[in-house]
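Asker: Protein sequences, first through last, are from chains A and B.
Quick note on the numbering used here: the first sequence kicks off at -5 and runs consecutively.
Quick note on the numbering used here: the second sequence kicks off at 775 and runs consecutively.
A virtual CB, placed ideally from N, CA and C, is assigned to each residue, including glycine.
Here it is, the structure in full.
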Amino acid sequence: MSTVDVYLRPRGWLRTAVRSPKVLTGLGLLIFFVLLGVIGPMFVGNPSATGPDAYAHPSLQYPLGTTDTGQNVLAQLVDGTSVSLIVGFVAAAIATVIAVAIGLSSAFLGGVPDEILSTITNVFLVIPALPLVIVLAGYLHGASTLVISVVIAVTAWPWTARIMRAQTLSLRRRDYVQSARVAGESTTRIIWFEIVPNEIPLIFAQFLITVLYAILIQAGLAFLGVGSVTTWSWGTMLYWAQNAEALSFGAWWWFVPPGLCLALLGTGLALMNFGVDEIANPRLSSARAKRPSRRMKTKPASDRALTAPDVVVGA
Amino acid sequence: MAFLARRLGFYLITAWVAITVNFFIPRLMPGNPVDLVFDRVRHAISPAALHAFTIAFGIDNKQSLISQYFGYLDQILHGNLGISITFFPTPVSSVIRGGLPWTLFLVGVSTVLSFLFGTLLGMVAAVRRGTWVDALLPVTSFLSAMPYFWMGLLVLTVFAVNLGWFPLSGGYSPTVTPSFTWGFISSALDHAILPAATIVVSSIAGWLLGMRNVMMGTLGEDYVLLAEAKGLPQRRVTFTYAARNAILPNMAAFALSLGFIVSGALLTEVVFSYPGIGYLLFEAVENEDYPLMQGIFLMITLLVLLANLLADVMYAALDPRTREVA
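What follows is the structure in structure tokens.
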């Protein structure tokens, strides 16, 4: 089974991953936005500078038009890229570390500590994140990008923690871990050398989804005006566009680009997540599952039963 | 029954955690933003309300933390969430009660619709995998990566500003008064269509992908193969054998992601100036109305817990294993 192959060769999955078109497309989108955020600001002017042309349509001078105060929309868009990326990756990194720590300890400690950690995880899973983040960030006046990242991380870890616990419990029962235990390997060594390396594709897939989650939450916060409304981000642009009633003025060039960037970056992350997920869980792959239902209608199922690996007809 | 009792216990614990978090947030935050807000209203507040306010935010430091905490629990149990600053001197509970029906209607209807359509499309995507239907996957992930509120802005631009088919904002036309008359109901429905459609389109991808993935698994199970081998009609194999078993994990996921959908719906309300809790939350943020903000957080959490409990009841009805005596 290829599942086993992937799990037994920790570095194999990475090689498989970069051959997947989904991962490559997603990676391309991500690299594009990273470059835009890092070197883009050198090529555009000051995003906060006002100008005489209010609500100018997109033109050669202003490729994405201007705002109600004549600010250059393209400059804001490029300048705001890095905030989304930083919040996304910092929050997801913190959340993933918390999640892995809690998931692993929950699975390995067992008994009462497991009960307590699982309950905490489930409690934070049900509590709606956005209102909690709004309350927290609302008290931290004009919170900086890093503070916002930490606040988002506080609500972003439970899902991954739950998955990590389930996966660790399942791996613990595998033969190779059992034999490592019989061979006298210490628990620490089993965790770090037998279990964690085999969970890396899963952790990576979860990390990507958490980045997407954090980016969307940050955009929502900025759109509501929580945190600093003068730090340029895609969410802040939407906040000002909404405040200036850009919609009624038909200034689509103001609010369409930031949302489109969010959606494209999000799609990139989601595609990478699907790609990695399909490697960790080959059943999900549509390419492998070429078993069209049309055939099932016309032909009796008997030929399939013969080719299906572990089915004994009539057993 | 044991299953439901255990879930109920868990939700009670969660509600207690949410209330406790709510109690500690204003006390652990740096600076004293609440004092500043408090000074704005101190002169115009009744002694009873003043008492409630000091308990809720710990301004009165003469009491010990423990007695403050029990005083706070007592207030919450009596439905007292303090006084709103934005709508001073209306109590937070009345403000929330005004917005609640709108949110319940909008979010309730659109979440159920999105779950039903998404699950159905997910079944189709699983059965027809390997065909052009797979092209839906990148499209749906693009849709799900869009922020709800941005989708709302686009929908408004096209259908309200450019085409003029639907009203631009609000929950009902200013020419009608809320009542059980056809004029009001039709106006309310007219105003709800765009925000509801936004929530459905933004959240449908999650159900679609979830159902597709689980159903791919059940389609590979031996019992499905056996059903096919018996020569049962395709429709029956799909719905009664594969889908029925796949729907359970999707239901469980449905309950867990309610919080995320509700969050998105709150932001959608802001875009449409829909008079629900989300819009109140926006006003609370703008006015640094901490009592209202915290009241809304608590209220939303309790509602999500209640919805989860309902989902559990449905789950128990669908899955006979939960009815076994543990």
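Chain A partners of B:F1071, CB-CB under 7 Å?
Answerer: Here residue 1071 of chain B corresponds to residue number 297 of the second sequence, with the count starting at 1. Those are P125, L126, V129, listed as they occur along chain A.
Asker: Count Cβ pairs between the region 239 to 252 of chain A and the region 44 to 58 of chain A that sit closer than 8 Å; are there 3 or more?
Answerer: The answer is yes - the region 44 to 58 of chain A touches the region 239 to 252 of chain A, with three or more Cβ pairs under 8 Å.
Asker: Could you compute how far the alpha carbon of B:R801 sits from the alpha carbon of B:F861?
Answerer: Mapped onto the second sequence, residue 801 of chain B falls at position 27. Mapped onto the second sequence, residue 861 of chain B falls at position 87. Rounded to whole angstroms, B:R801 to B:F861 spans 24 Å at the Cα level.
Asker: Where does A:L232 land, buried or exposed, given buried means 16+ other C-beta within 10 angstroms?
Answerer: Here residue 232 of chain A refers to the residue found at position 238 when the first sequence is read from its first residue. That one is buried.
Asker: May I ask you to list, following chain order, the residues of the region 1059 to 1070 of chain B that have a beta carbon less than 8 Å from some beta carbon of chain A?
Answerer: The residues in question are V1059, E1060, E1062, Y1064, M1067, Q1068, I1070.
Asker: Would A:L268 be called buried (16 or more neighbouring beta carbons within 10 Å of its own) or exposed?
Answerer: Position 274 of the first sequence holds residue 268 of chain A. Correcting the residue type first, residue 268 of chain A is Phe in the shown sequence and not Leu. Burial call: buried.
Asker: Looking only at its own chain, which residues have a Cβ that is under 7 Å from the Cβ of A:S296, when we skip the five neighbours before and after it?
Answerer: For this step, residue 296 of chain A is matched to residue 302 along the first sequence. For A:S296, the pLDDT reaches just 35, beneath the cut-off of 50, and the residue's location in the model is therefore unreliable, although a value from the coordinates is still provided. If we look at A:S296 and ignore the five residues flanking it on each side, it has no Cβ neighbours.
Asker: Quick one, which residues of the region 202 to 233 of chain A are near chain B if we go by CB-CB under 7 Å, in chain order?
Answerer: If the cut-off is 7 Å between Cβ atoms, the region 202 to 233 of chain A has L206, L210, A213, G214, F217, L218, G219, V220, L232 near chain B.
Asker: Between B:M1073 and A:I121, what straight-line distance do the alpha-carbon atoms span, to the nearest angstrom?
Answerer: One-based indexing of the second sequence puts residue 1073 of chain B at position 299. One-based indexing of the first sequence puts residue 121 of chain A at position 127. Their Cα atoms are separated by approximately 11 Å.
Asker: Determine the contact status of B:A919 and A:A257, defining contact as a CB-CB distance below 8 Å.
Answerer: Sequence index remark: in the second sequence, residue 919 of chain B carries index 145 (1-based). Sequence index remark: in the first sequence, residue 257 of chain A carries index 263 (1-based). Contact: yes.
Asker: Tell me whether the beta-carbon of B:L1054 lies closer than 8 Å to the beta-carbon of B:V881.
Answerer: Residue 1054 of chain B sits at position 280 when you count from the first residue of the second sequence. Residue 881 of chain B sits at position 107 when you count from the first residue of the second sequence. Not in contact: B:L1054 and B:V881 (Cβ atoms no closer than 8 Å).
Asker: Is the Cβ-Cβ distance between A:V270 and A:P195 less than 8 Å?
Answerer: For the purposes of this step, residue 270 of chain A is taken as residue 276 along the first sequence, with counting starting at 1. For the purposes of this step, residue 195 of chain A is taken as residue 201 along the first sequence, with counting starting at 1. In this structure, A:P195 lies closer than 8 Å to A:V270 by Cβ.
Asker: With C-beta atoms as the reference, is B:M897 less than 8 Å away from B:T1012?
Answerer: Counted from its first residue, the second sequence places residue 897 of chain B at position 123. Counted from its first residue, the second sequence places residue 1012 of chain B at position 238. Contact flag set, yes.
Asker: Should A:D304 go down as buried or exposed, given a rule of 16 or more other Cβ atoms within 10 Å for buried?
Answerer: Position 310 of the first sequence holds residue 304 of chain A. Confidence is the limiting factor: at A:D304 the pLDDT is only 32, short of 50, which leaves the residue's position unreliable, though a coordinate-based value still follows. Result: exposed.
Asker: At 7 Å on the CB atoms, spell out the chain B contacts of A:F249, in chain order.
Answerer: Indexing the first sequence from 1 puts residue 249 of chain A at position 255. Simply L927.
Asker: In terms of residues, what are the limits of the alpha helix (DSSP H) holding B:H965?
Answerer: As a position in the second sequence, residue 965 of chain B is number 191, starting the count at 1. Note, B:H965: alpha helix (DSSP H), 956 to 993.
Asker: Are the C-beta atoms of A:T(-3) and some chain B residue less than 8 Å apart?
Answerer: In the first sequence, residue -3 of chain A corresponds to position 3, counting from 1. Only weak support exists for where A:T(-3) lies, its pLDDT of 44 falling under 50; the coordinates are left without a value.
Asker: So what's B:P1007 in DSSP terms, helix, strand or just coil?
Answerer: Position 233 of the second sequence, counted from the start, is the residue given in the question as residue 1007 of chain B. Three-state result, B:P1007: coil.
Asker: Please name the residue or residues paired with B:P865 in a DSSP beta bridge.
Answerer: Your numbering for residue 865 of chain B matches position 91 in the second sequence. According to DSSP, B:P865 bridges with B:I857.
Asker: Tell me which same chain residues have a C-beta within less than 7 Å of the C-beta of B:T788, skipping the five on either side of it?
Answerer: In the second sequence, residue 788 of chain B corresponds to position 14, counting from 1. Excluding positions up to five away in sequence, the list reads L1079.
Asker: Determine, for B:G896, whether the minimum Cβ-Cβ distance to residues of chain A falls below 8 Å.
Answerer: Taking the second sequence and counting its residues from 1, one reaches residue 896 of chain B at position 122. Taking Cβ atoms only, chain A never reaches closer than 8 Å to B:G896, which makes this a no.
Asker: What does a CB cutoff of less than 7 Å around B:A1001 pick up in its chain, not counting 5 residues either side in sequence?
Answerer: Residue mapping note: residue 1001 of chain B aligns to position 227 of the second sequence, counting from 1. If we look at B:A1001 and ignore the five residues flanking it on each side, its Cβ neighbours are V1011, Y1015.
Asker: Counting beta carbon pairs with one atom in the region 71 to 91 of chain A and one in the region 147 to 166 of chain A, are three or more of them shorter than 8 Å?
Answerer: Result yes; three or more Cβ-Cβ pairs closer than 8 Å.
Asker: What's the gap between the Cα of B:G1052 and the Cα of B:T955?
Answerer: To locate residue 1052 of chain B, count along the second sequence from 1; it is residue 278. To locate residue 955 of chain B, count along the second sequence from 1; it is residue 181. C-alpha separation (whole angstroms): 26 Å.
Asker: Determine the DSSP secondary structure at A:L21, reduced to helix, strand or coil.
Answerer: Numbered from 1 along the first sequence, position 27 holds the residue referred to as residue 21 of chain A. Residue state, collapsed to three classes: helix.
Asker: Between which two residues does the alpha helix (DSSP H) containing B:E1060 stretch?
Answerer: In the second sequence, the residue the question calls residue 1060 of chain B occupies position 286. Residues 1051 to 1060.
Asker: Tell me, please, whether the CB atom of A:A264 is closer than 8 Å to any CB atom in chain B?
Answerer: Here residue 264 of chain A is taken as the residue at index 270 of the first sequence, counted from 1. Yes, its Cβ sits closer than 8 Å to a Cβ of chain B.
Asker: Measure from the alpha carbon of B:Y922 to the alpha carbon of each residue in B:L1040, B:L839, B:P1023, B:N1024, then state which is nearest.
Answerer: Here residue 922 of chain B corresponds to residue number 148 of the second sequence, with the count starting at 1. Residue B:L1040 is the option with its Cα nearest to B:Y922.
Asker: Note down, in chain order, every chain A residue with its Cβ under 8 Å from the Cβ of B:T877.
Answerer: Residue numbering aside, residue 877 of chain B sits at position 103 when the second sequence is read from its first letter. None at all; the shortest Cβ gap to chain A is about 12 Å.
Asker: Taking the alpha carbon of A:T115 as the reference point, which residue from A:Y49, A:Y133, A:A95 has its own alpha carbon closest?
Answerer: On the first sequence, residue 115 of chain A is found 121 positions in, with the first residue counted as 1. Residue A:A95 is the option with its Cα nearest to A:T115.
Asker: Looking only at its chain, what residues have a beta carbon closer than 6 Å to the beta carbon of A:L259, apart from the 5 residues adjacent to it on each side?
Answerer: Mapped onto the first sequence, residue 259 of chain A falls at position 265. Closer than 6 Å at the Cβ level, and outside the excluded window around A:L259, lie F27.
Asker: Answer with yes or no whether the minimum CB distance from A:W246 to chain B is below 8 Å.
Answerer: For the purposes of this step, residue 246 of chain A is identified with residue 252 of the first sequence, where counting begins at 1. Taking Cβ atoms only, chain B reaches closer than 8 Å to A:W246, which makes this a yes.
Asker: Quick check: the Cα distance between B:I973 and B:T1042, rounded to an integer number of angstroms?
Answerer: The residue labelled residue 973 of chain B in the question sits at position 199 within the second sequence. The residue labelled residue 1042 of chain B in the question sits at position 268 within the second sequence. Going from the Cα of B:I973 to the Cα of B:T1042 covers about 7 Å.
Asker: According to DSSP, A:S60 sits in a beta bridge with which residue or residues?
Answerer: Your numbering for residue 60 of chain A matches position 66 in the first sequence. Reading the sequence as shown, one finds Thr at residue 60 of chain A and not Ser. DSSP, once it has assigned bridges, lists A:N66 as partnering A:T60.
Asker: Could you tell me whether the Cβ atoms of A:G74 and A:W228 are closer together than 8 Å?
Answerer: Counting from 1 along the first sequence, the entry for residue 74 of chain A is found at position 80. Counting from 1 along the first sequence, the entry for residue 228 of chain A is found at position 234. Against a cut-off of 8 Å, the Cβ pair of A:W228 and A:G74 comes out as a contact.
Asker: Quick one: is B:T842 buried, meaning 16 or more other Cβ sit within 10 Å of its Cβ, or exposed?
Answerer: Looking up residue 842 of chain B in the second sequence gives position 68. Looking at the sequence shown, residue 842 of chain B is not Thr but Gln. B:Q842 comes out buried.
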